[in-house]
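For reference, the structure discussed in these notes is given below.
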(Lines of atoms letter the chains of each structure in order from A and count residues from 1; the text may use other names and numbers.)
(Lines give C-alpha, C1' and ligand atoms only; values in the text may rest on other atoms or scores of the structure.)
Protein backbone atom coordinates (compact mmCIF):
# COMPACT_ATOMS: atom_id res chain seq x y z
CA UNK A 1 0.00 0.00 0.00
CA UNK A 2 2.90 2.35 0.69
CA UNK A 3 4.10 1.78 -2.88
CA UNK A 4 0.67 2.87 -4.16
CA UNK A 5 0.75 6.01 -2.03
CA UNK A 6 4.13 6.83 -3.54
CA UNK A 7 2.50 6.79 -7.00
CA UNK A 8 0.63 10.00 -6.13
CA UNK A 9 3.40 12.63 -6.15
CA UNK A 10 2.40 16.05 -4.92
CA UNK A 11 -0.89 14.92 -3.40
CA UNK A 12 -1.45 16.51 0.01
CA UNK A 13 -2.80 13.25 1.50
CA UNK A 14 -2.06 10.17 -0.61
CA UNK A 15 -4.01 7.16 0.66
CA UNK A 16 -4.42 3.51 -0.27
CA UNK A 17 -6.49 0.54 0.80
CA UNK A 18 -7.73 -2.92 -0.05
CA UNK A 19 -11.28 -1.62 -0.44
CA UNK A 20 -12.95 1.74 -1.02
CA UNK A 21 -13.78 1.95 2.69
CA UNK A 22 -10.21 1.10 3.71
CA UNK A 23 -8.82 3.72 1.31
CA UNK A 24 -11.06 6.50 2.62
CA UNK A 25 -10.42 5.59 6.27
CA UNK A 26 -6.69 5.53 5.54
CA UNK A 27 -6.93 9.04 4.15
CA UNK A 28 -9.09 10.28 7.03
CA UNK A 29 -6.65 8.98 9.67
CA UNK A 30 -3.71 10.53 7.82
CA UNK A 31 -5.47 13.88 7.77
CA UNK A 32 -6.47 13.62 11.43
CA UNK A 33 -2.91 12.79 12.46
CA UNK A 34 -2.15 16.49 12.06
CA UNK A 35 -5.04 17.45 14.36
CA UNK A 36 -4.18 15.24 17.32
CA UNK A 37 -3.19 16.55 20.73
CA UNK A 38 -0.91 14.71 23.17
CA UNK A 39 -2.59 12.96 26.05
CA UNK A 40 -1.31 13.57 29.58
CA UNK A 41 1.12 11.00 30.93
CA UNK A 42 -0.58 8.08 32.60
CA UNK A 43 2.00 7.91 35.35
CA UNK A 44 3.97 10.33 37.50
CA UNK A 45 6.87 7.91 37.75
CA UNK A 46 10.06 9.78 36.84
CA UNK A 47 12.06 8.53 33.89
CA UNK A 48 14.71 6.02 34.92
CA UNK A 49 17.46 5.00 32.49
CA UNK A 50 17.05 1.30 31.58
CA UNK A 51 20.59 0.53 32.77
CA UNK A 52 19.63 1.63 36.30
CA UNK A 53 16.69 -0.78 36.54
CA UNK A 54 16.68 -4.39 37.66
CA UNK A 55 16.47 -6.90 34.83
CA UNK A 56 12.93 -7.07 33.48
CA UNK A 57 11.68 -3.97 35.30
CA UNK A 58 9.62 -1.58 33.13
CA UNK A 59 10.89 1.98 32.79
CA UNK A 60 8.65 5.02 32.48
CA UNK A 61 9.02 6.37 28.96
CA UNK A 62 10.15 9.98 29.02
CA UNK A 63 7.46 12.47 28.10
CA UNK A 64 4.53 10.13 27.92
CA UNK A 65 3.12 6.67 28.42
CA UNK A 66 4.69 4.25 30.87
CA UNK A 67 6.08 0.94 29.68
CA UNK A 68 3.52 -0.69 31.97
CA UNK A 69 0.97 0.27 29.31
CA UNK A 70 2.71 -1.88 26.70
CA UNK A 71 1.82 -5.50 26.10
CA UNK A 72 4.47 -8.22 25.94
CA UNK A 73 4.96 -7.76 22.18
CA UNK A 74 5.34 -4.01 22.61
CA UNK A 75 7.98 -4.49 25.29
CA UNK A 76 9.87 -6.91 23.03
CA UNK A 77 9.87 -4.39 20.17
CA UNK A 78 10.91 -1.60 22.54
CA UNK A 79 13.89 -3.68 23.70
CA UNK A 80 14.96 -4.19 20.09
CA UNK A 81 14.66 -0.48 19.36
CA UNK A 82 16.65 0.48 22.46
CA UNK A 83 19.47 -1.82 21.36
CA UNK A 84 19.87 0.16 18.11
CA UNK A 85 19.70 3.69 19.51
CA UNK A 86 22.26 5.81 21.36
CA UNK A 87 19.41 7.68 23.07
CA UNK A 88 16.42 6.38 25.03
CA UNK A 89 13.26 6.35 22.87
CA UNK A 90 10.17 8.13 24.17
CA UNK A 91 6.60 7.09 23.45
CA UNK A 92 3.61 9.38 23.64
CA UNK A 93 -0.06 8.94 22.86
CA UNK A 94 -2.16 11.50 20.98
CA UNK A 95 -5.91 11.72 20.49
CA UNK A 96 -8.59 13.52 18.51
CA UNK A 97 -11.77 14.59 20.34
CA UNK A 98 -14.61 12.23 19.57
CA UNK A 99 -12.41 9.39 18.34
CA UNK A 100 -11.60 6.27 20.33
CA UNK A 101 -8.62 5.45 18.10
CA UNK A 102 -5.24 6.62 19.35
CA UNK A 103 -2.11 7.86 17.61
CA UNK A 104 1.24 6.92 19.16
CA UNK A 105 4.52 8.67 18.40
CA UNK A 106 8.03 7.40 19.07
CA UNK A 107 10.86 9.92 19.32
CA UNK A 108 14.53 9.81 20.26
CA UNK A 109 16.78 12.78 20.90
CA UNK A 110 14.03 15.09 19.63
CA UNK A 111 13.52 13.32 16.28
CA UNK A 112 10.35 11.47 15.34
CA UNK A 113 11.09 7.85 14.42
CA UNK A 114 7.55 6.67 13.74
CA UNK A 115 3.86 7.31 14.30
CA UNK A 116 0.98 4.87 14.15
CA UNK A 117 -2.75 4.67 14.66
CA UNK A 118 -4.43 1.93 16.65
CA UNK A 119 -7.94 1.05 17.77
CA UNK A 120 -6.66 1.36 21.34
CA UNK A 121 -3.58 2.66 23.12
CA UNK A 122 -1.75 -0.67 23.23
CA UNK A 123 -2.16 -1.29 19.50
CA UNK A 124 -1.12 2.26 18.61
CA UNK A 125 1.99 2.01 20.81
CA UNK A 126 2.97 -1.39 19.44
CA UNK A 127 2.53 -0.28 15.82
CA UNK A 128 4.45 2.97 16.41
CA UNK A 129 7.34 1.02 17.93
CA UNK A 130 7.32 -1.34 14.92
CA UNK A 131 7.40 1.66 12.59
CA UNK A 132 10.25 3.26 14.53
CA UNK A 133 12.23 0.01 14.55
CA UNK A 134 11.79 -0.43 10.80
CA UNK A 135 12.80 3.21 10.26
CA UNK A 136 16.03 2.75 12.24
CA UNK A 137 16.84 -0.55 10.54
CA UNK A 138 16.41 0.96 7.06
CA UNK A 139 17.92 4.38 7.76
CA UNK A 140 20.33 3.94 4.82
CA UNK A 141 17.43 3.53 2.38
CA UNK A 142 15.28 6.70 2.63
CA UNK A 143 11.61 6.35 1.83
CA UNK A 144 11.45 2.62 2.59
CA UNK A 145 9.22 2.98 5.65
CA UNK A 146 6.00 4.96 5.84
CA UNK A 147 6.55 7.33 8.80
CA UNK A 148 2.82 7.14 9.66
CA UNK A 149 1.35 3.65 9.95
CA UNK A 150 -2.34 2.95 9.49
CA UNK A 151 -1.81 -0.82 9.39
CA UNK A 152 -4.30 -1.21 12.24
CA UNK A 153 -7.01 -0.80 9.61
CA UNK A 154 -5.88 -4.05 7.98
CA UNK A 155 -6.50 -6.02 11.18
CA UNK A 156 -9.56 -4.20 12.48
CA UNK A 157 -12.75 -6.25 12.62
CA UNK A 158 -16.11 -5.14 11.25
CA UNK A 159 -17.27 -3.74 14.58
CA UNK A 160 -14.12 -1.62 14.98
CA UNK A 161 -14.38 -0.24 11.44
CA UNK A 162 -18.08 0.53 11.84
CA UNK A 163 -17.38 2.34 15.11
CA UNK A 164 -14.59 4.37 13.49
CA UNK A 165 -16.82 5.31 10.56
CA UNK A 166 -19.60 6.38 12.92
CA UNK A 167 -17.26 8.54 14.98
CA UNK A 168 -15.83 10.16 11.86
CA UNK A 169 -19.36 10.83 10.57
CA UNK A 170 -20.26 12.42 13.91
CA UNK A 171 -17.51 15.00 13.52
CA UNK A 172 -19.64 18.06 12.79
CA UNK A 173 -19.21 19.66 9.41
CA UNK A 174 -16.48 17.41 7.94
CA UNK A 175 -16.70 14.72 5.27
CA UNK A 176 -13.84 12.84 3.62
CA UNK A 177 -13.79 12.42 -0.13
CA UNK A 178 -11.20 11.08 -2.50
CA UNK A 179 -10.31 10.65 -6.14
CA UNK A 180 -9.69 6.98 -6.82
CA UNK A 181 -6.89 6.15 -9.27
CA UNK A 182 -7.50 2.52 -10.10
CA UNK A 183 -6.47 2.20 -13.74
CA UNK A 184 -3.00 1.29 -14.91
CA UNK A 185 -2.09 1.90 -18.58
CA UNK A 186 -0.73 -1.65 -18.84
CA UNK A 187 -2.65 -3.68 -16.25
CA UNK A 188 -6.01 -1.98 -16.59
CA UNK A 189 -8.22 -1.71 -13.49
CA UNK A 190 -6.36 -2.58 -10.29
CA UNK A 191 -7.92 -4.59 -7.44
CA UNK A 192 -6.73 -1.99 -4.92
CA UNK A 193 -7.88 1.55 -4.17
CA UNK A 194 -5.55 4.53 -4.02
CA UNK A 195 -5.59 8.25 -4.62
CA UNK A 196 -5.67 11.55 -2.73
CA UNK A 197 -8.23 11.99 0.06
CA UNK A 198 -9.36 15.39 1.33
CA UNK A 199 -11.47 16.72 4.19
CA UNK A 200 -14.37 18.93 3.11
CA UNK A 201 -16.36 21.38 5.18
CA UNK A 202 -20.04 20.74 4.50
CA UNK A 203 -21.22 24.04 5.98
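Numbering (this note's numbering), first residue to last: 2 to 204.
Quick reminder that beta carbons are idealized off the backbone N, C-alpha and C, glycines included.
Keep in mind it's a predicted model, so treat the numbers as computed, not measured.
Ordered along the chain, which non-local residues of its own chain (more than five positions away) have a Cβ less than 8 Å from that of residue i?
i, result
"residue 136", "114, 115, 146, 148"
"residue 9", "15, 182, 195, 196, 197"
"residue 161", "120"
"residue 125", "94, 102, 103, 104, 105, 117, 118, 119, 153"
Using the DSSP secondary-structure output, state which residues sit across from residue i in a beta bridge.
i, result
"residue 106", "93, 116"
"residue 17", "195"
"residue 111", "Residue 111 is not bridged to any residue."
"residue 149", "116"
Compute the distance between the beta-carbons of residue i and residue j, then report whether it is under 8 Å.
i, j, result
"residue 88", "residue 109", "yes"
"residue 76", "residue 151", "no"
"residue 195", "residue 32", "no"
"residue 7", "residue 193", "no"
"residue 174", "residue 202", "yes"
What does a CB cutoff of less than 6 Å around residue i pick up in its chain, not counting 5 residues either side in sequence?
i, result
"residue 39", "93, 95"
Between residue i and the rest of its own chain, which residues show a CB-CB distance below 7 Å, the 5 nearest in sequence each way excluded?
i, result
"residue 106", "93, 95, 113, 116, 129"
Out of the options, which one is the CA nearest neighbour of residue i?
i, options, result
"residue 21", "36, 171, 178, 104", "178"
"residue 132", "184, 158, 104, 189", "104"
"residue 170", "83, 180, 25", "25"
"residue 111", "189, 86, 180, 174", "86"
"residue 191", "119, 174, 19, 139", "19"
"residue 84", "41, 156, 134", "134"
"residue 164", "3, 13, 91, 99", "99"
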